[in-house]
Structures are given as C-alpha cells and as structure tokens.
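Chemist: Going by UniProt numbering, the letters in the sequence shown line up with residues 1 to 137, in that order. Backbone N, C-alpha and C fix where the C-beta goes; we use that ideal spot for every residue, glycine too. All values derive from a computational prediction rather than experimental measurement.
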Amino acid sequence: MKIQELGDLMGLTPHTIRFYEKEGLLDSRHIQREKNNYRNYSDEAIERLKLIKKFQGIGCSLAELKTILQDHDTNARTNQEVIEWILQKINEIERRKDEYDHMLVTLNWMLTYRKLLNEDPQQAEAMMAELRLRINI
C-alpha cells in the first residue's frame, strides 16, 4: 500500500511515517521501493506502527522506542529484563502523576482565588494571607 493509504489506516500523516522511516523505526521489512522510487508498505508496517503507537501511548520517548524495537526485533532482552523495564516505566509514570496532581492543586487554588476576587475580595485576600503564612512570605 502507498503511504497515504497507510496513514489513513493508522491515523498518521505521511510526514510522520517518513519520520519513523528516517529514524529507523521502519525498515526494509516494512517498506519496499518501487522503480519510480515510491514507497510501498507491507502488512508488517501496519503491525509495526501499531506497536510504535502502543509504546508512545505509555509515554516512551523516541530513544526508548528505538531501543524497544531493536530489542523486540532481536529478542535481546530476557523476560526478567522486560519486567524490570516495565517496573521502571510504572515508577516514572507514578512520579509524573504526582507532579501533575501537584499542578492541579495549584491551578485549582489559583482558579478559586481568581473567582473570589470577583465575588468576595475580602475572602480572596484571606486566602492569599493564609498562603503567605504557609510559605513564609
């Protein structure tokens, strides 16, 4: 299939697919060049792109994707090594979740404060005074 057809099928742009090829995530198993130099993508390209999207969905960087796909292709990691990687990824996501939770608390405080400025400026000032006491400003 041609790149546009593959892109439509996978929900990706041709630019993204070419980028994956340039970065080595897709190779000769996935892409054949025709005489006119057009790319022709195999069914294996669909499976590869599904795998890429799956790992992107759990927050893998491009560098991680390259390593994961290389390990997948060569079966280089033991099951225990894969388990350890998964545990590391879980810990990383939990750390990020804690950071996002903290950001949400701050944003909700800011929103409440700003709404109170309109509705009850004295209560807003009391809120700010309480914050200053907590952070010693």
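Which residues in the same chain have their Cβ closer than 7 Å to the Cβ of R77, if we skip the five residues on either side of it in sequence?
Modeler: D71
Chemist: For N40, list the residues DSSP reports as bridge partners.
Modeler: Q32
Chemist: Please classify M1: does DSSP put it in a helix, a strand, or coil?
Modeler: coil
Chemist: Between L26, L25, N40, which lies nearest to Q32 when the distance is taken from Cα to Cα?
Modeler: N40
Chemist: From N79 to Q4, what does the alpha carbon distance come to, in whole angstroms?
Modeler: 37 Å
Chemist: Going by alpha carbons, who is nearest to I58 out of N37, I86, Y20, D73?
Modeler: I86
Chemist: Let's test the definition: count the other Cβ atoms within 10 Å of the Cβ of L107 and tell me whether it reaches 16, buried, or not, exposed.
Modeler: exposed
Chemist: With H, G and I counted as helix, E and B as strand and the rest as coil, what does DSSP make of T78?
Modeler: coil
Chemist: Can you confirm whether Q88, when its beta carbon is compared against all beta carbons of chain C, has any partner nearer than 8 Å?
Modeler: The chain labelled as chain C is not found in the depicted structure, where only one protein chain is given.
Chemist: Would you mind reading off the limits of the alpha helix (DSSP H) that contains E23?
Modeler: Segment: none, E23 is in no alpha helix (DSSP H) and carries neither H nor E.
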